[in-house]
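Participant:
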Amino acid sequence: MLWSDPENEPPEDMRDMQDMLRRLGVLLALAMVVAMTLAWIC
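Our numbering numbers the first residue of the sequence shown as 1394 and each following residue consecutively.
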């Protein structure tokens, strides 16, 4: 199974999980940036 195949899209729940993981990653990155800025300020 190749991910590049246009007809073979990943199942719905896998897509949902990927979205959730992406959102989690963005949130983690933002949290780290905020924490680092706070550490610099204090």
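Glycine residues also receive a C-beta, built at the ideal position from the N, C-alpha and C atoms.
1. Look at the alpha carbon of Arg1408 and the alpha carbon of Cys1435, and state the distance between them as a whole number of angstroms.
2. Alpha carbon to alpha carbon, how far is Trp1433 from Pro1403? Give it in angstroms, no decimals.
3. Nearer than 7 Å: is that true of the beta carbon of Leu1417 relative to any heavy atom of the ligand PLP?
Facilitator: Here's the rundown:
1. Straight-line spacing of the CA atoms in Arg1408 and Cys1435 works out to 41 Å.
2. 42 Å
3. In terms of ligand content, the structure shown is empty, and the ligand PLP therefore cannot be addressed.
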